[in-house]
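Numbering (the numbering used here), first residue to last: 7 to 168.
Cβ coordinates follow ideal geometry from the N, Cα and C atoms, glycine included.
Predicted model, so just to flag it, every value in this text is computed and none were measured.
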């Protein structure tokens with residue numbers, strides 16, 4: 007079961023760019039969670055994915071020499087969910103109904119997450135260089151946090167708040 011979770015139930019085997027496929031699939035998950043239960047359900051889903059991710063990656067990579075093999079994509083799912091939390095929370099705290107989740111609310115976090123996950127600046131790169139299962143998860147968690155902040159800033163700029 008841990009291998010299924012670690013590979014995003016097989017999404018990690020898609021080529022090319024399994025991490026991008028996993029991030030894109032997570033948009034569908036995040037959108038569905040937002041529509042069904044708004045930000046609280048997105049946040050709960052994020053916490054669940056992070057917890058399952060640490061467990062599954064630790065188990066699935068125990069015997070592997072290369073800890074961050076490309077088929078393991080639950081870390082991308084976790085990071086993308088963190089990035090989506092920012093925009094979902096924005097709509098929640100603005101009092102908008104769950105039916106409101108326009109395309110920039112999920113495309114912008116997706117683009118920022120992929121940017122930070124590929125570029126790996128500062129602490130993201132440091133986490134990526136760890137040679138353990140936690141490092142597999144942590145670089146994408148940090149990339150998700152960076153993407154969430156960048157998405158909030160982009161929304162503020164585009165709506166004239168900043």
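Contact belief for residue i with residue j at Cβ below 8 Å, rounded distance in angstroms
i	j	result
residue 18	residue 63	Actually they do not touch by this definition, with Cβ atoms about 11 Å apart.
residue 152	residue 124	Wrong, their Cβ atoms sit about 12 Å apart, outside the cutoff.
residue 90	residue 48	6 Å
residue 112	residue 163	Contact doesn't hold; Cβ gap of about 18 Å is too wide.
residue 136	residue 144	7 Å
residue 115	residue 92	6 Å
Where residue i falls: helix, strand or coil (DSSP)
i	result
residue 65	helix
residue 167	coil
residue 95	helix
residue 157	helix
residue 121	helix
residue 102	coil
residue 134	helix
residue 109	coil
residue 47	helix
residue 79	coil
residue 39	helix
Burial state of residue i, where buried means 16 or more other Cβ atoms lie within 10 Å
i	result
residue 127	exposed
residue 87	buried
residue 36	buried
residue 120	buried
CB contact below 8 Å: residue i versus chain B
i	result
residue 119	No chain B is part of this structure, which consists of one protein chain only.
Sub-8 Å separation of residue i and residue j beta-carbons
i	j	result
residue 82	residue 146	yes
residue 13	residue 77	yes
residue 98	residue 44	yes
residue 107	residue 157	no
residue 104	residue 41	yes
residue 149	residue 85	yes
Checklist line | 4 or more residues per run - each alpha helix (DSSP H) lying fully within the segment 7–35 | finding: 8–12
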